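Chains as they are written, first to last, in the numbering used here: chain A, 3 to 142; chain B, 96 to 609; chain C, -4 to 294. Working notes for the structure below.
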């Protein structure tokens, strides 16, 4: 098992980072640190995906004429094909691109929420915010 | 050289020969467009656009449902020029069309019933954003129902989460911000687990389209490779979607988010948003892993146990609650437990009961939340039971609707809730190993439901002797509220009395679902 | 610029300072310093049980550890890193690379994949960005009356001349270069690494730099809330409409009338270039909107 973990070292590392992010998001009381944890978690998933798309010795999936793929007109007409052996898997790259945009959106939303929460409760500690809220509710 | 036309010609499901088959795609893109244009309008215009979109969406889904019933088979609609493993696609069958139609109806009615509260709770310069979020929430729900691609499902799960958080947050108060933050945090945990599940699944099968993944998974199971990763992926999906749909141990965000938000938001959140994730889970069970693979894994037992825990502990928490909306929210936790118990029973009948419960709960909970909002008007916006004494007498329409909803949730015959419990019991009897526990849980949960709904009804219908002044006079002639509750009540009775027809629909739908 | 640092500082340090404003009896004592009665008082007051929270935390940590241990164990079963025979490198990948140029006209296979083969995902993705921008507007945008706006403009005008000279002159050189680079990345999305999202972010960065060097008033002469809205809405609705066309023609097996052009040219690859431009403008607006809203609650 351990030798397999070292073969898949990118994946192992990404899972460890995922774990760190997961626990931070779940248990840290500070909202800003929670957001950092969330970003850790998502970045770990992108590392995982990117490492899954990589194939040793190949380049990014953009047609490169240096590698001998020069017959552009032929590729478009469908009479010739580029050499698949030159390029890595393009699917995970696309997924990572989508995922990054999603995580940027969530980060912005969460940060804006943190700003508003800080303005209303004067603290960023989630537990404290909840206990202040409960106290105010009981007072009414 | 790969020719896509040969692939398309080999599978008759790709054939598009009726204009009705375009409707699901059109309704998705149309609601995208109307959501985007809501940002450019003022509150009134945005409301009109939102309702226009929902009406058109309802007509389109109904036409799709009728078409699917006539044909009796599913069809695949390519989202682009490329077939199965290469491009995106949506897949439409009876069950999907049924769910889309009823979800559209429920959304329209909940918005109609809670419209007055939206105008009251949301700041005037932000009301157009409320309708924007609702429209995009609707888009993501129907896209989740129809999609046949796992990664598209992920993207729409995220849209669903973001818009759901936004409609909680749009009520102008401090508490909703806290509720949103908790909701957002738990949802992000869920999406993280779901996304890494998709990544690992992509790694071992090499596909993102559900039907192709299923082929790959069946291959792996037949050859006995990657058994542990598969088990782990099922776990990740179950936990991720469980967190998002407030399965028992992960439900901590739900009472706040559903209790604090404005009544239309609560209605939509508990009626539809939770169900969107569960439909995705059912899709995963049938279309991604296959029923036999899921059945052999231990995850179903975990879901079963969690479901039963939710049914009992959710109800116990509801009994202890002195806050009307939070009580209804805890009741949602219990009702979600029924769905998971149905899935956890691991047979066809259990799944049918779970689907029926999705429908019944979608038609009942929004009514309860909307009427709770109407009761709050009579008590100056207080949600506490002690202030709500006699509220139902002050607003009789709401009182009747609440009573119907409560009876349905308890499971009194003639109402929708009873049919679900009856079918769950039959399904439990078909699974001898789990029968005793499931039946026991059903009985206990029914008793517990009665323990909190009946006193609530008694308090609400009690004669109020005190001469407290009402500041917000309840608008008894709120036509939208009356109509929406009337339709909800009718739907509840239809589901209760004509249940055999709906069960037949669901069985037909599940047959072509996998 | 100073304003940002100041607000940031307030944001971080203020946590400690303003905590004391919260009226709470035993606030300044640590948990272990309190006597039992005070602890019970705390529980009664706040309506929550710290002991239960601790128990909950322990359970949560254990659960997280179990999940992570299981996931690491899972990794040891997964296909090897960088192996060309992995299940993920199947006929789909082969088709994307071999037929990509014929089907989409894009030399960049990733651009072809996300904007043509799997365009529905990308439509959802740009909608996520749109929704996030809207939520940030809901949370932070302050509607101002005419007088307030005028007063603020005057206030801003006072400081404007005192802005950093080096920053201004540096920005004069850097902003156009960044903008041109952003446009280059945007327009070459189908030919080289880049595309709507990366190009849009670079353009957004240029706008942010311009704004912090020259102030609000000069930014508002060419970019305000109205323009921001118009660009976002028109870009996204063009995106959705063109996708509607492409989906309907695709599913009904009608040949699309949009030509793919000659692969490798700037104007080629059908809808990919216009879609990239739409996405790019939307992203630029959103990025600048985020900065502007977080900085001073307006656009």
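We put the CB at the ideal spot given by N, CA and C, even for glycine. On a predicted model such as this, the values are computed, not experimentally measured, just so you know.
Quiz item: Using DSSP with H/G/I as helix, E/B as strand and the rest coil, what is residue 175(B)?
Solution: Here residue 175(B) refers to the residue found at position 80 when the second chain is read from its first residue. Reduced to three states, the DSSP call for residue 175(B) is coil.
Quiz prompt | chain C contacts made by the region 372 to 406 of chain B, where a contact means CB separation under 8 Å | solution = none
Quiz prompt | Whole-angstrom distance between residue 139(A) and residue 246(C), CA atom to CA atom | solution = Mapped onto the third chain, residue 246(C) falls at position 251. Mapped onto the first chain, residue 139(A) falls at position 137. Near 55 Å, if we compare the C-alpha coordinates of residue 139(A) and residue 246(C).
Quiz item: What is the C-beta distance between residue 96(C) and residue 89(A), in whole angstroms, given that I count them as a contact (C-beta under 8 Å)?
Solution: Within the third chain, residue 96(C) is the residue found at index 101, counting from 1. Within the first chain, residue 89(A) is the residue found at index 87, counting from 1. Actually they do not touch by this definition, with Cβ atoms about 12 Å apart.
Quiz item: Relative to the ligand GDP, is the shortest distance from any of its heavy atoms to the C-beta of residue 481(B) smaller than 7 Å?
Solution: Within the structure as shown, the ligand GDP is missing, as the structure has no ligands at all.
Quiz prompt | For residue 233(C) and residue 224(C), the rounded distance between their alpha carbons | solution = For the purposes of this step, residue 224(C) is identified with residue 229 of the third chain, where counting begins at 1. For the purposes of this step, residue 233(C) is identified with residue 238 of the third chain, where counting begins at 1. Going by the C-alpha atoms only, they are around 14 Å apart.
Self-check item: Distance CB(residue 257(B))-CB(residue 47(A)) smaller than 8 Å
Solution: As a position in the second chain, residue 257(B) is number 162, starting the count at 1. As a position in the first chain, residue 47(A) is number 45, starting the count at 1. No.
Practice problem: Indicate whether residue 228(C) and residue 134(B) have their beta-carbon atoms separated by less than 8 Å. | Solution: Locating residue 228(C) in the third chain gives position 233, counting from the first residue. Locating residue 134(B) in the second chain gives position 39, counting from the first residue. Contact flag set, yes.
Quiz item: What is the DSSP secondary structure of residue 132(A), reduced to helix, strand or coil?
Solution: Here the question's residue 132(A) lines up with position 130 in the first chain. Three-state result, residue 132(A): helix.
Quiz item: Mind checking whether residue 282(C) and residue 221(C) have CB atoms under 8 Å apart?
Solution: For the purposes of this step, residue 282(C) is taken as residue 287 along the third chain, with counting starting at 1. For the purposes of this step, residue 221(C) is taken as residue 226 along the third chain, with counting starting at 1. It is not a contact, given that the beta carbons lie outside the stated cut-off.
Self-check item: Element boundaries [beta strand (DSSP E), containing residue 183(B)]
Solution: Taking the first residue of the second chain as 1, we reach residue 183(B) at position 88. Segment 183 to 187, the beta strand (DSSP E) holding residue 183(B).
Exercise. Let me know the secondary structure DSSP gives residue 282(C) once reduced to three states.
Key: The residue labelled residue 282(C) in the question sits at position 287 within the third chain. Of the three classes helix, strand and coil, the one that applies to residue 282(C) here is helix, per DSSP.
Practice problem: In the DSSP assignment, find the unbroken alpha helix (DSSP H) run with residue 309(B) in it and report its ends. | Solution: The residue you call residue 309(B) lines up with position 214 of the second chain. Looking at the DSSP string, the run of the alpha helix (DSSP H) that includes residue 309(B) is 305 to 318.
Self-check item: Proximity below 8 Å, CB of residue 518(B) to CB of residue 447(B)
Solution: Along the second chain, read from residue 1 onward, the residue named residue 518(B) stands at position 423. Along the second chain, read from residue 1 onward, the residue named residue 447(B) stands at position 352. Yes; because the gap between Cβ atoms is below 8 Å, this pair is in contact.
Quiz prompt | residue 116(B) - containing alpha helix (DSSP H), residue span | solution = Here residue 116(B) refers to the residue found at position 21 when the second chain is read from its first residue. Counting along the chain, residue 116(B) falls outside any alpha helix (DSSP H), and DSSP gives it neither H nor E.
Quiz prompt | Simplified DSSP state of residue 16(C), which is helix, strand or coil | solution = Numbered from 1 along the third chain, position 21 holds the residue referred to as residue 16(C). Because residue 16(C) sits at a pLDDT of 45, beneath the cut-off of 50, its placement in the model cannot be relied upon, and the point is left open.
Quiz prompt | Beta-carbon separation (whole angstroms), residue 514(B) vs residue 575(B), contact threshold 8 Å | solution = Stepping through the second chain from its first residue, residue 514(B) is reached at position 419. Stepping through the second chain from its first residue, residue 575(B) is reached at position 480. With a Cβ gap of about 28 Å, residue 514(B) and residue 575(B) do not count as contacting.
Quiz item: When Cβ atoms are compared, which residues of the region 128 to 159 of chain C fall closer than 8 Å to chain B?
Solution: 129, 130, 132, 133, 134 and 138
Exercise. Report yes or no: do the region 310 to 328 of chain B and the region 94 to 110 of chain C share at least 3 C-beta pairs separated by less than 8 Å?
Key: no
Exercise. Please report how far the alpha carbon of residue 120(A) lies from the alpha carbon of residue 130(A), in whole angstroms.
Key: Along the first chain, read from residue 1 onward, the residue named residue 120(A) stands at position 118. Along the first chain, read from residue 1 onward, the residue named residue 130(A) stands at position 128. So the two alpha carbons sit approximately 11 Å from each other.
Self-check item: For residue 368(B), the first and last residue of its enclosing alpha helix (DSSP H)
Solution: Here residue 368(B) corresponds to residue number 273 of the second chain, with the count starting at 1. No alpha helix (DSSP H) holds residue 368(B); DSSP gives it neither H nor E.
Self-check item: Chain-order list of residues whose beta-carbon lies under 6 Å from that of residue 17(C) (same chain, five-residue window excluded)
Solution: As a working mapping, residue 17(C) is identified with position 22 in the third chain. In this prediction, residue 17(C) scores a pLDDT of 44, lower than 50, which makes its location untrustworthy; the coordinate-derived value is nonetheless stated afterwards. Correct list: empty, nothing qualifies.
Exercise. Closer than 7 Å by C-beta to residue 310(B): which residues in its own chain qualify, once you throw out the five before and the five after it? Chain order, please.
Key: Within the second chain, the letter at position 215 stands for residue 310(B). No residues qualify anywhere along the chain.
Quiz item: DSSP puts residue 242(B) in a beta bridge; with which residues?
Solution: Here residue 242(B) refers to the residue found at position 147 when the second chain is read from its first residue. Per DSSP, 185(B).
Exercise. List the endpoints of the continuous alpha helix (DSSP H) containing residue 216(B).
Key: Your numbering for residue 216(B) matches position 121 in the second chain. First-last of the alpha helix (DSSP H) with residue 216(B): 210 to 216.
Quiz item: So is residue 528(B) buried or exposed if we call it buried at 16+ other beta carbons inside 10 Å?
Solution: The residue given as residue 528(B) occupies position 433 in the second chain. Exposed, since its Cβ has fewer than 16 Cβ neighbours within 10 Å.
Quiz prompt | Below-8 Å beta-carbon distance, residue 259(C) vs any chain A residue | solution = Within the third chain, the letter at position 264 stands for residue 259(C). Closer than 8 Å to some Cβ of chain A, the Cβ of residue 259(C) qualifies, so yes.
Self-check item: DSSP state of residue 167(B) mapped onto helix, strand, coil
Solution: Here the question's residue 167(B) lines up with position 72 in the second chain. Residue state, collapsed to three classes: coil.
Self-check item: 4-residue-minimum alpha helix (DSSP H) runs that sit fully inside the region 327 to 405 of chain B, ordered along the chain
Solution: 349 to 355, 358 to 363, 369 to 378 and 386 to 391
Quiz item: Would you call residue 351(B) buried or exposed, if buried means 16 or more other Cβ atoms sit within 10 Å of its Cβ?
Solution: Within the second chain, numbered from 1, the residue matching residue 351(B) stands at position 256. Result: buried.
Quiz item: Which residues bound the alpha helix (DSSP H) around residue 98(C)?
Solution: By 1-based counting over the third chain, the position of residue 98(C) is 103. Residue 98(C) -> alpha helix (DSSP H) spans 95 to 99.
Quiz item: Whose C-beta lies closer than 7 Å to the C-beta of residue 242(C) among residues of the same chain, with five residues either side of it excluded?
Solution: Here the question's residue 242(C) lines up with position 247 in the third chain. Taken in chain order, the list of residues that qualify is empty.
Quiz prompt | One or two residues paired with residue 418(B) in a DSSP bridge | solution = Within the second chain, residue 418(B) is the residue found at index 323, counting from 1. Partner(s): 479(B).
Self-check item: 8 Å Cβ cutoff met for residue 259(B) and residue 364(B)
Solution: Here residue 259(B) corresponds to residue number 164 of the second chain, with the count starting at 1. Here residue 364(B) corresponds to residue number 269 of the second chain, with the count starting at 1. Contact: yes.
Quiz item: If you measure from the beta carbon of residue 351(B) to each beta carbon in chain C, is any gap under 8 Å?
Solution: In the second chain, the residue the question calls residue 351(B) occupies position 256. No, residue 351(B) lies away from the interface with chain C (no Cβ there is under 8 Å from its Cβ).
Quiz item: Closest to residue 132(B) by CA distance: which of 414(B), 148(B), 215(B) and 476(B) is it?
Solution: In the second chain, residue 132(B) corresponds to position 37, counting from 1. The shortest C-alpha separation from residue 132(B) is found at 148(B).
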